[in-house]
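0 is the number of the first residue of the sequence shown in numbering that gives the first Met the number 0; add one for each residue after it.
The beta carbon of each residue, even a glycine, is placed where N, CA and C say it ideally should be.
Since we're looking at a predicted model, the values are computed, not measured.
The block underneath contains the structure these notes are about, expressed in structure tokens.
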Amino acid sequence: MTIRNLDKLFAPRSVAVIGASDRSSRVGTVVLDNLIKGGFAGAIWPVNPKYRHLHGLHCYASVRALPAIPDLAVIAVPPQAVPEQIEKLGMIGCRAAVVLTAGLSSETLPDGRTLQQAMLDAAKPHLLRILGPNCLGMLIPGLRLNASFAHTDAQPGQLAFVSQSGALCTIVLDWAKQHGIGFSHFLSVGDSADVDFGDIIDYLASDPQTRAILLYIESVKNARKFMSAARSAARNKPIVAVKSGRNARAAQAAASHTGALAGGDDVYTAALRRAGILRVDGVEELFDAVETLARSRKMPGERLAIITNGGGPGVMAVDTLIGHGGTLADLSPETMAALDAALPATWSHGNPVDIIGDAPSSRYGDAVKIVLADPGVDAVLVMHAPTAIVPSLEPAKAVVEATRGTMKNVLTCWSGGGAVQAARKVFAEAGLASYETPDAAVRAFVHMVDYQRNMKNLMEIPAELPEDFRPDLAAVRKVIDTALAEQRSMLNEIEGKRILAAYGIPAVPTEAAASPDEAAAAAERMGLPVALKILSPDITHKSDVGGVALNLSSTTEVRTAAEAMLARVRQHRPQARIDGFTVQPMIRRARAHELIVGALTDPIFGPAIMFGQGGVGVEVIGDRAIALPPLNMHLADDLIDRTKVSRLLSGYRDFPPVDRSALSALLIRVSQLISDHAEIAELDINPLYADDQGMVALDARIVVRRSPVVGHDRLAIRPYPSGLEEIVELRSGEKVLLRPIRPEDEPAHVDFVNNVSAEDYRLRFFSPMRSLPHSEMARFTQIDYEREMAFIAVRLVESGQHETLGVVRAITDPDNQRAEFAVLVRSDMKGQGLGEHLMRKIIVYCRQRGTREIVGDILRENQAMRTLATELGFRPSGRSASDVVEVILPLQP
């Protein structure tokens with residue numbers, strides 16, 4: 000389920016309190032008191048057979064005795080009674096409940112079910128939605144609804160706060176009241192047995208009273224639903240999250256470098272980033288970030304200039320900026336000359352721009368105007384420390400005046416107490432963000448940068464892959480099946496490189512040898528010098544036990560090294576099984592970078608890809624970044640850019656640059672590999688040599704395990720569904736490809752819309768033709784296959800590119816009950832039957848997906864589309880307007 004019946008939960012007109020009481024120590028007493036004191040305008044019905052009246056209200060003996068069906072029930076009864084109460088509520092027609100009771104997951108019934116599962120089983124036949132159990136409740140100030148046992152109420156506002164921690168809720172309520180912050184919704188989700196983050200985000204995404212969504216996350220249960228909901232909502236309003244447990248590690252005993260390096264928190268960070276969610280470190284930062292984003296404008300870049308009247312605060316700001324990976328702007332010669340003319344000779348002559356402690360208001364204004372005019376500056380932070388010479392208010396007014404009309408972001412930091420309050424009020428009235436400390440101001444700028452990067456990842460046009468590749472799935476399947484049949488989890492190096500080869504990932508040639516003599520013979524065949532490694536299913540890190548020998552330049556050296564290696568390994572790991580050795584030619588690439596590319600399986604979000612600096616010291620260096628598959632070229636580039644080693648890959652001194660396009664393509668292949676084969680639990684390519692000559696994997700370590708799911712089902716983000724591609728023949732005899740739309744189709748989609756006549760455009764969009772901006776085109780092409788589908792018809796043109804001939808789209812509600820369709824065919828392709836092919840394609844897809852019905856709006860004058868709809872089985876719904884006909888097609892029996 001998703002948003003079904005959540006209107007009853009979050010916008011009730013009547014509330015029943017089951018377990019209401021007059022005993023001061025009872026939760027039911029506090030809830031009833033909060034509902035009454037809050038001023039809820041709807042009916043409030045206490046339910047408890049022990050009382051006739053409570054708090055001046057008539058009290059009912061049971062839910063069956065209620066005068067009407069309650070929209071919402073708040074349940075505060077012992078755990079054993081919860082399933083029965085849910086069943087009774089469902090029987091009378093109630094469709095939403097808040098279960099405050101704790102302990103349902105730890106107690107079991109004679110049939111083995113937990114009380115929580117019995118509660119869910121009782122709710123399911125009635126589609127009754129449950130918030131909780133084990134939660135504080137919820138507050139919806141706009142309705143004056145306080146259905147919680149919180150110690151205080153919440154003020155009305157436009158922020159929605161959703162928390163898994165009830166204790167944190169009470170802290171935030173106190174903090175928000177003290178700071179005058181209000182909420183549209185204040186929700187404690189507790190154990191999230193039914194209604195979870197994904198459901199709530201879906202609901203709040205379309206709530207007009209909510210301008211931003213704030214989350215406190217301890218864990219996510221349904222990763223794909225969460226990611227789908229967040230990626231959809233984040234396009235329309237900011238989502239900011241605090242994720243607890245930042246230092247927790249999910250795989251201490253991992254068998255690979257990747258598993259050891261990438262803990263669960265790293266994957267959470269990657270998931271939130273991919274979903275467009277800004278992650279922050281604490282509650283105060285949570286609200287600061289929302290206010291920052293509310294006042295921020297889109298930035299052309301990430302370069303910050305700092306203006307200050309004190310050197311110390313300026314240095315502190317730079318330290319914080321660099322520590323968070325920010326970029327300090329380089330001032331242009333023209334800017335430096337203008338500042339020289341406007342400032343005293345003792346100014347800092349650089350960024351930060353120290354205008355000296357005695358700076359009058361005019362000096363602030365001049366400096367701000369000059370720096371804002373620099374094209375190399377994307378945002379400006381203006382700082383002020385109080386002095387006895389210049390009152391704090393006048394410089395603030397000068398800054399406000401100097402920033403009028405600018406499209407760049409300006410942040411202010413007037414440090415101090417009462418002396419700067421008037422200045423901060425001036426900034427608030429002018430719409431400029433203001434912070435109390437340099438650290439807070441710089442962190443706010445970093446939030447802006449991170450948020451913009453996240454939005455870019457949601458909206459960017461991915462580049463086409465440099466080349467198409469078709470992996471040898473059968474070869475991989477054979478290797479995995481053999482290992483699992485032999486009850487082995489660790490593939491040997493030979494098997495690992497076979498899998499890499501099947502996905503076009505270059506690896507150094509490697510031969511297996513059973514003895515020192517065979518190793519020497521293999522070395523002579525492939526050419527000296529060689530590298531020799533121990534081959535054992537029980538040894539993960541070979542160098543740790545002396546299982547690696549390099550630069551062996553003769554067969555005698557190979558034989559001697561192999562014998563010594565056997566002795567060392569047997570001494571260090573006497574129980575380890577030894578299958579022999581691997582022999583490979585030495586790769587002499589003095590200017591190659593040692594990289595690591597890996598993959599792991601997170602218990603929540605499934606497969607994750609790691610990239611970073613590799614080599615023997617990979618754990619010590621700790622330079623890595625994580626991303627969730629599927630990857631495209633843009634996302635792969637972003638993954639590389641988030642590492643320190645990426646700066647070296649661009650070339651420096653006599654090191655030539657690495658082919659970034661080829662490296663990104665390799666990451667995509669690894670992403671495809673881990674997505675295609677659910678049995679691959681961990682993967683290491685370490686080291687991966689990369690230089691101007693290309694890339695080659697020197698070692699490959701792969702862990703396999705049986706998986707209860709197959710392929711793409713374990714991915715948090717549904718990948719491109721290539722199985723839906725289909726070739727159809729038009730009336731002219733031409734064959735075209737129908738396939739799901741991809742993000743990289745945006746340029747072709749722009750050309751497609753430009754080849755639609757103004758009249759056809761009006762019939763499709765119900766408005767005159769206009770140029771669609773990138774943001775809107777991105778929404779058309781970067782779809783979430785979990786909840787939306789668009790099929791395009793394409794033909795291959797001489798340039799090797801595809802051109803788009805038509806498109807059909809269906810957007811499904813979160814409950815998969817109704818899909819709205821729209822179809823458009825290029826004007827010169829009309830009459831070829833393409834529209835019918837597209838419509839039949841989307842109908843079959845929606846029916847197979849289990850969608851209940853498909854609907855669409857057609858202009859009454861669009862007779863051709865109305866005729867096609869009738870031929871396909873659509874009928875008028877009866878909800879049509881004067882100029883628009885709504886048609887509907889039932890898809891399920």
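Look at the alpha carbon of residue i and the alpha carbon of residue j, and state the distance between them as a whole number of angstroms.
i	j	result
P48	S670	60 Å
R248	E510	At R248, the pLDDT of 46 sits below 50, so the modelled position is not reliable; the number obtained from the coordinates is stated separately. Cα to Cα, the separation comes out at about 36 Å.
L723	A518	49 Å
I887	V73	38 Å
L5	A715	24 Å
E852	S876	11 Å
T554	R272	52 Å
A253	D357	Note on A253: pLDDT 41, under 50, position unreliable in the model; no value is reported.
G503	D471	9 Å
F9	I139	7 Å
S255	A175	Bear in mind that the predicted position of S255 carries a pLDDT of just 48, short of 50, making it unreliable; the figure below should be weighed with that in mind. Their backbone Cα atoms lie some 45 Å apart in a straight line.
K643	G611	8 Å
L380	K455	23 Å
Q862	E743	34 Å
T326	D675	39 Å
R825	Q847	27 Å
L627	G197	18 Å
V475	K496	10 Å
A664	G597	14 Å
I586	V507	8 Å
P374	R817	49 Å
A521	L483	29 Å
E86	P892	28 Å
A250	T539	Here the model assigns A250 a pLDDT of 37, short of 50, so the residue's position is not dependable, and the following value carries that caveat. If you take the alpha carbons of A250 and T539, they lie about 15 Å apart.
V582	D636	34 Å
Residue i: which of the options sits nearest, CA to CA?
i	options	result
L565	L534, I679 and D70	L534
R588	R730, G849, D6 and D691	D691
S649	N631, A689, D622 and I679	A689
E106	P77, L130, N550 and V98	P77
A894	I321, A366 and I355	As displayed, the chain neither begins before 0 nor continues past 892, which places residue 894 out of reach and without an answer.
N145	A443, Q177, G364 and S13	S13
G156	C412, R302, I625 and Q208	Q208
V703	D683, R717 and P772	D683
P903	R763, A240 and G18	Absent from the structure is residue 903, since the part of the chain shown begins at 0 and ends at 892.
R641	D265, L837 and Q583	D265
L551	A530, V544, H323 and H540	A530
P536	L771, L114, A575 and G855	A575
E83	L99, A117, L56 and H52	A117
F604	R713, P528 and G855	R713
The alpha helix (DSSP H) that contains residue i, what's its start and end?
i	result
D683	It is not in any alpha helix (DSSP H) - D683 instead sits in the beta strand (DSSP E) that spans I679 to D690.
M585	Counting along the chain, M585 falls outside any alpha helix (DSSP H), and DSSP gives it neither H nor E.
M90	V81 to I91
F751	E745 to N753
K477	L472 to A484
F779	H773 to T780
I238	Where I238 is concerned, there is no enclosing alpha helix (DSSP H), although the beta strand (DSSP E) it sits in stretches over I238 to K242.
The beta strand (DSSP E) that contains residue i, what's its start and end?
i	result
D856	E852 to L858
S147	L144 to S147
Q154	Q154 to S162
E284	Looking at the DSSP string, E284 is not in any beta strand (DSSP E); the run it does join, the alpha helix (DSSP H), is V282 to R294.
Under a CB-based cut-off of 8 Å, is residue i close to chain D?
i	result
I139	Of the chains in the structure shown, none is chain D; there is only one protein chain.
Give a yes or no on contact between the segment 813-821 and the segment 0-17, applying the rule of three or more CB pairs nearer than 8 Å. With a cut-off of 8 Å, the segment 0-17 and the segment 813-821 count as touching, because enough Cβ pairs lie within range.
Validate contact between the segment 408-415 and the segment 330-343 using beta carbons, cut 8 Å, 3 pairs: A contact is defined here as three or more CB-CB pairs under 8 Å, and the segment 408-415 fails this definition with respect to the segment 330-343.
Using 8 Å as the cut-off, can you tell me whether the segment 275-282 makes contact with the segment 615-624, which would need three or more C-beta pairs spanning the two stretches below that distance? As far as the Cβ criterion goes, the segment 275-282 does not touch the segment 615-624, which means the pair count is below three.
For the pair the segment 560-576 and the segment 178-186, tell me if three or more CB-CB distances fall below 8 Å. Using a C-beta cut-off of 8 Å, the segment 560-576 makes no contact with the segment 178-186, since fewer than three inter-stretch Cβ pairs fall below that distance.
Within 8 Å, do at least three Cβ pairs link the segment 126-135 to the segment 19-28? Result no; under three Cβ-Cβ pairs closer than 8 Å.
Three CB pairs or more closer than 8 Å across the segment 221-237 and the segment 30-39: As far as the Cβ criterion goes, the segment 221-237 does not touch the segment 30-39, which means the pair count is below three.
Do the segment 389-396 and the segment 335-349 make contact, defined as three or more Cβ pairs closer than 8 Å? Verdict: no, contact absent.
If we require 4 or more residues per run, which alpha helix (DSSP H) segments fall completely within the segment 171-215? Within the segment 171-215, the runs of alpha helix (DSSP H) at least 4 residues long that lie entirely inside it are, in chain order, 196-204.
What residue ranges within the segment 16-49 form continuous beta strand (DSSP E) runs of no fewer than 3 residues, ordered along the chain? With a minimum length of 3 residues, the unbroken runs of beta strand (DSSP E) contained wholly in the segment 16-49 fall at 42-46.
Alpha helix (DSSP H) segments (min. 4 residues) lying fully within the segment 586-641: Complete alpha helix (DSSP H) runs here, min 4: 617-620 and 632-640.
Which runs of the alpha helix (DSSP H) fall wholly inside the segment 348-406 and span at least 4 residues, in chain order? As far as the segment 348-406 is concerned, its whole alpha helix (DSSP H) runs of at least 4 residues are 360-371 and 392-401.
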